[in-house]
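Read the structure below first, then the notes.
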Amino acid sequence: MREFSSLFADLGEGLDDLGVPEGQAGGYDVALNRYFSVWLASSPWNTQAAHARDLRTYFDFLWFARGRRDWRDASMDDRAAFEWWRRRDERGPRLEDTSWDREVSTVNQFYLWAIEQDLVRANPIRQRAASVWSPWRGGAGGTMVRQVPAETSHMGPRREVKWLPPKSYRLWRNVGLCGFDSKEMPRRGRGRWAARNAAYADSMVRTGLRLCEHSALTVFDLPQLPPAASGIVNARAVLPHAISKGRSGRAVYWPVPVLRDVRDYMEWDRAEMLDYGRSRGFYIPTRRSLLVEDPAAPRVRGGPVGAGGPPGCGGAAPAAGGRRGHVVAGMPGRFSAGGRNPRCLPQGDSRVTDTGHQRPAGGKESRNLTAADRRKPSSVP
1 MREFSSLFAD LGEGLDDLGV PEGQAGGYDV ALNRYFSVWL ASSPWNTQAA
51 HARDLRTYFD FLWFARGRRD WRDASMDDRA AFEWWRRRDE RGPRLEDTSW
101 DREVSTVNQF YLWAIEQDLV RANPIRQRAA SVWSPWRGGA GGTMVRQVPA
151 ETSHMGPRRE VKWLPPKSYR LWRNVGLCGF DSKEMPRRGR GRWAARNAAY
201 ADSMVRTGLR LCEHSALTVF DLPQLPPAAS GIVNARAVLP HAISKGRSGR
251 AVYWPVPVLR DVRDYMEWDR AEMLDYGRSR GFYIPTRRSL LVEDPAAPRV
301 RGGPVGAGGP PGCGGAAPAA GGRRGHVVAG MPGRFSAGGR NPRCLPQGDS
351 RVTDTGHQRP AGGKESRNLT AADRRKPSSV P
């Protein structure tokens, strides 16, 4: 019993972190919770959040507009009224076709699960028969018939992939991200984060990392620059399972010019930003911080670096204790009233990182550009 009660020891603090007010009214649907805790448990965090938003919108409509109707009692008439309000009613949100199609898919998947779990008898979403091609049909491929939602718009735009030549990409990066003018010359008042923006964009384009994976990288996940005379053109690194989408950890090859730009940013702009944050107590470990206690063996307490995973890829940061360590990721804005705290990170450790490569809250603008910022990026061929 004592072990069970320990699961709720930090419940109050966790609810405070989520912004839940004291005395919040509401109920708890065990069956609905099972859909997220079991069926969607392995899905990325952003997928779960999208499902929660779409289902909440539909359930709120049933409750407030259809006479406090429970989702178990929804009918096709309720769905027709919901579709009218979401897409056609002048007082409604008038959704685009793509947004409506996503909502239909989400709610349909939920009801298919509910039927399988014997929670409802029928799906309130009308179905139609559709022929789809299957590579396994008849051993050599063929069509098969299955039921699909009939409520979809069938008018969503088709995706058109258009390739951007390297020259056009460089122009977009230098003007849009780095603040240069149309002739790719430095412009006054363009900000001081050109090196960071360019390194981030170039490394995403050249490594193929997803946005959530790239944003969760720490300095421990980056390869070292190979010696100039080594002839190595791509430095190999391993993307941890915990910060990869679907836990698809794999080898990632960093082009040396891109890696050099990232290292230059770390040496100049990022180091200046961290020094400023440390001096004002911005990097204080909290209950949700990931701590690396030995930089020589980069493992987060309780697992490897990135054991919690980034929010966008389906991970939740594990709780860390109160001992001193090297913060890898933490909650922003937690600093002492006096500005300094004995639990702050040690001065001079340039390997300490925040995973998002973002400027700490309250940081000042530097009056002078750093060397890395003055140089126009040119790592993409």
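Take UniProt numbering: the last position of the sequence shown gets the number 381, and nothing is skipped along the way. Think of the CB as a built atom: it goes at the ideal place given N, C-alpha and C, for glycine as much as any other residue. Computed from a predicted structure; not experimentally measured.
8 Å Cβ cutoff met for residue i and residue j
i, j, result
"ALA235", "LEU259", "yes"
"PRO93", "TYR111", "no"
"HIS182", "VAL262", "Before going on, a small fix: residue 182 reads as Ser here, not His. Their beta carbons are not under 8 Å apart, which means SER182 does not touch VAL262 by this criterion."
"VAL233", "VAL205", "no"
"ARG173", "VAL148", "no"
"ASP101", "SER153", "yes"
"VAL107", "TYR58", "yes"
"CYS212", "ASN197", "no"
"PHE82", "PHE64", "no"
"PHE180", "ARG188", "no"
"MET155", "ASP97", "yes"
"TRP254", "ALA229", "no"
"ALA195", "ASP264", "yes"
"VAL219", "LEU239", "no"
"MET76", "ARG146", "no"
"TRP113", "TYR35", "yes"
Unbroken alpha helix (DSSP H) run spanning residue i, endpoints
i, result
"TYR265", "256–265"
"ASN33", "30–34"
"MET273", "271–279"
"THR47", "45–65"
"TRP172", "166–172"
Residue i classed as buried or exposed, judged by whether at least 16 other C-beta atoms fall within 10 angstroms
i, result
"ALA201", "buried"
"PRO227", "exposed"
"ILE243", "buried"
"ASP221", "buried"
"ALA199", "buried"
"MET185", "exposed"
"VAL104", "buried"
"GLU160", "exposed"
"ARG53", "exposed"
"GLU13", "exposed"
"VAL20", "exposed"
"ASP73", "exposed"
"SER248", "exposed"
"SER42", "exposed"
"ARG250", "exposed"
"TRP71", "buried"
"THR143", "exposed"
"LYS162", "exposed"
Reduced DSSP category for residue i - H, G, I as helix; E, B as strand; rest coil
i, result
"GLU13", "helix"
"SER99", "helix"
"ALA195", "helix"
"VAL219", "helix"
"SER75", "coil"
"VAL104", "helix"
"ALA122", "coil"
"TYR200", "helix"
"ALA41", "coil"
"ARG128", "strand"
"ALA251", "strand"
"ARG161", "At residue 161 the sequence reads Val, which differs from the Arg that was named. DSSP places VAL161 in coil when its eight states are reduced to three."
"GLN117", "coil"
"THR207", "helix"
"GLN147", "strand"
"SER214", "Position check: residue 214 holds His in this sequence, whereas Ser was assumed. Residue state, collapsed to three classes: helix."
"ARG69", "coil"
"TYR111", "helix"
"ALA228", "helix"
"ILE284", "coil"
"residue 392", "Outside the displayed span of the chain (1 to 381) sits residue 392, for which this structure offers no information."
"LYS183", "coil"
"LEU177", "helix"
"ARG86", "helix"
"GLY26", "coil"
"GLY92", "coil"
"GLY246", "helix"
Any non-hydrogen atom of the ligand FAD closer than 7 Å to residue i Cβ
i, result
"SER37", "The ligand FAD is not among the ligands present in this structure, which contains no ligands whatsoever."
Boundaries (first-last residue) of the beta strand (DSSP E) holding residue i
i, result
"ALA237", "234–239"
"LEU290", "290–292"
* Asked: Between the region 105–119 and the region 161–175, do at least 3 Cβ pairs fall closer than 8 Å?
  -> no
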